[in-house]
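Right, one structure below, let's go through it.
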Amino acid sequence: MELGELRIENEEAIDTTASPLHSDDDILLDIEDLVVHYVLEEETVEAVNGISLSLRKGRTLGLVGETGAGKTTTALSVMNLVPNPPGIIISGSINVCGHEMLSLKPNQLEVVRGKEIAMIFQDPMTSLNPVITVGNQIAESVKIHEHLSKAESFERAVKMLELVGIPGERANEYPHQFSGGMKQRVVIAIALACNPRVLIADEPTTALDVTIQAQVLDMINDLKGQFNTAVVMITHDLGVVAKMCDEVAVMYAGRIVESGTLEDVFENTMHPYTEGLFNSLPSLDDSEVDLKPIPGLMPDPTMLPIGCAFTPRCQYATDVCAEKRPILRQASDTHAVACSAYNDPNFRIEGSHLNG
């Protein structure tokens, strides 16, 4: 298939939520038609607008998009942590390891969180309790989920610190005694203390220097391989996606506009927004090539357009794009795209970084 080519013989017969992952018995995370709004006094923020995705054990999904695309809200929804008010999960289902997260009671959620699914939050500075030692913060989760004694839980906490590269004797120290990179390692240790089957990492390398970023990513990759964990990597960094992910879902204005394997999205870019993300990256091969930033800004989530939300910024936009919202359609067994331009059989994405 050529770059940007999409062949659809019978659009009406296409299941827009279909994914090859749904045929696998090892699916640990399954999201169907999730819609999340933040209802304020004078306006409603349409944060997530009908996304569907699934993930098998031992696989990493990169959830990519600009700030405001709905990535973190999606993650919080999976954990059933959307603050209400003002957040409301309007519709959809989220199944984690056989548990329907949106139907669980608070005491049931306490059992699932930490044991079946855990989350590395974006800012380690605010994720840790400043008046409790890091060892006790890790041990607390172990004690609750593994039903171990206080001494046994603390012993596990020491081992987890060593697993993430922190000397065990530092378990009795407080968060303020650690650097930013070390705090992030502690947060990861807490998330992985009970060997969760699903791990959500929300921008896990934010505010870390390049060297520490690489160490943290390598550690998550190693632990994923060791425990066969399914990982959702939320990021806007395509370099992180290339290093970490098996599959990619590109979000824009609360919707998935392109999804597929890493090879699908990187080697056969199909959506103009994805193309824009790639073209805005500096070239390692030719430092004199000018960057091509995507013009304009993300649309106001309180006033999303009727048609494709990317239309004002898209060089390929037509009148149809502004009038009708595109559906996510399968280009192949593993690759899907939401773009009305493919209704034109002659349409091709040109000028992508992939054309050399």
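Positions in the sequence shown are counted from 1; adding 1028 to them yields our numbering.
We put the CB at the ideal spot given by N, CA and C, even for glycine.
Which first and last residues belong to the beta strand (DSSP E) in which residue i is found?
i     : result
E1060 : I1055 to V1067
Y1280 : E1275 to Y1280
A1258 : A1258 to T1263
G1288 : R1283 to T1289
Count the other CB atoms within 10 Å of the CB of residue i; is the residue buried (16 or more) or exposed (fewer)?
i     : result
L1266 : buried
M1331 : exposed
Q1343 : exposed
Q1254 : exposed
N1307 : buried
A1369 : buried
D1361 : exposed
P1385 : The question about residue 1385 has no answer here: the residues shown for the chain are numbered 1029 through 1384.
H1299 : buried
G1288 : buried
I1334 : exposed
K1252 : buried
A1258 : buried
Q1358 : buried
I1160 : exposed
S1051 : For S1051, the predicted model reports a pLDDT of 41, less than 50, meaning its position is unreliable; a value from the coordinates is still stated below. Exposed, since its Cβ has fewer than 16 Cβ neighbours within 10 Å.
N1112 : exposed
K1211 : buried
A1001 : There is no way to answer for residue 1001, as the model of the chain reaches only from 1029 to 1384.
P1310 : exposed
N1296 : buried
K1133 : exposed
D1250 : exposed
T1239 : exposed
E1303 : buried
A1270 : exposed
P1327 : buried
Could you pull the start and end residues of the alpha helix (DSSP H) that residue i belongs to?
i     : result
S1155 : P1152 to S1155
G1267 : L1266 to M1272
I1186 : Ile is not the amino acid found at residue 1186; the sequence shown has Val there. That run of the alpha helix (DSSP H) goes K1178 to L1191.
I1166 : V1162 to E1174
A1350 : D1347 to E1351
Y1301 : P1300 to N1307
Between residue i and residue j, which are expected to be in contact by the criterion C-beta below 8 Å, what is the C-beta distance as a whole number of angstroms?
i     : j     : result
V1076 : V1276 : That pair is no contact at about 18 Å.
G1086 : M1272 : At roughly 13 Å, the Cβ-Cβ gap does not stay under 8 Å, so G1086 and M1272 are not in contact.
V1226 : C1125 : 7 Å
V1064 : T1095 : Not quite, the Cβ-Cβ distance comes to about 17 Å (not below 8 Å), so this is no contact.
L1056 : L1083 : 6 Å
V1192 : M1153 : With 8 Å as the limit, V1192 and M1153 do not qualify as a contact, their Cβ atoms being about 17 Å apart.
V1215 : S1131 : With 8 Å as the limit, V1215 and S1131 do not qualify as a contact, their Cβ atoms being about 28 Å apart.
Q1150 : N1157 : That belief does not hold up - the Cβ atoms of Q1150 and N1157 are roughly 17 Å apart, past 8 Å.
V1260 : A1103 : 7 Å
I1218 : S1169 : 6 Å
V1278 : V1268 : V1278 to V1268, Cβ: 14 Å. No contact.
V1067 : P1114 : 5 Å
D1274 : T1072 : Wrong, their Cβ atoms sit about 35 Å apart, outside the cutoff.
Given 7 Å as the limit, tell me if residue i has its C-beta closer than that to any heavy atom belonging to the ligand NAD.
i     : result
G1193 : Within the structure as shown, the ligand NAD is missing, as the structure has no ligands at all.
Answer with yes or no whether the minimum CB distance from residue i to chain C is below 8 Å.
i     : result
P1113 : Chain labels in this structure do not include chain C; a single protein chain is all it has.
Exercise. Which runs of the alpha helix (DSSP H) spanning at least 4 residues fall entirely within the region 1072 to 1147, listed in chain order?
Worked result: Counting only runs of 4+ residues, the alpha helix (DSSP H) found wholly inside the region 1072 to 1147 occupies 1099 to 1106 and 1134 to 1140, in chain order.
Exercise. Hey, is the region 1142 to 1155 in contact with the region 1219 to 1229, meaning 3+ C-beta pairs nearer than 8 Å?
Worked result: yes
Problem set entry | Stretch pair the region 1317 to 1324 + the region 1105 to 1120: three plus CB contacts closer than 8 Å | Result no; under three Cβ-Cβ pairs closer than 8 Å.
Exercise. How about the region 1196 to 1207 and the region 1133 to 1144: do they share at least three Cβ pairs that are nearer than 8 Å?
Worked result: Between the region 1196 to 1207 and the region 1133 to 1144 there are fewer than three inter-stretch CB-CB distances shorter than 8 Å, so the stretches are not counted as touching.
For this session: Run through the region 1208 to 1247 for me and flag every whole alpha helix (DSSP H) of 4 or more residues, listed as ranges in chain order.
Result: With a minimum length of 4 residues, the continuous alpha helix (DSSP H) runs that stay inside the region 1208 to 1247 are 1208 to 1220.
For this session: Decide if the region 1065 to 1080 is in contact with the region 1280 to 1299; the criterion is three or more beta carbon pairs, one per stretch, under 8 Å apart.
Result: Output reads yes: the region 1280 to 1299 touches the region 1065 to 1080.
Exercise. For the region 1117 to 1131 against the region 1193 to 1200, are there 3 or more C-beta pairs whose distance is under 8 Å?
Worked result: By the Cβ test, the region 1117 to 1131 is not in contact with the region 1193 to 1200, since fewer than three Cβ pairs between them sit closer than 8 Å.
For this session: Would you be able to state if there are at least three C-beta pairs under 8 Å between the region 1171 to 1178 and the region 1230 to 1243?
Result: Three or more beta-carbon pairs separated by less than 8 Å are not found between the region 1230 to 1243 and the region 1171 to 1178, which leaves the two stretches without contact.
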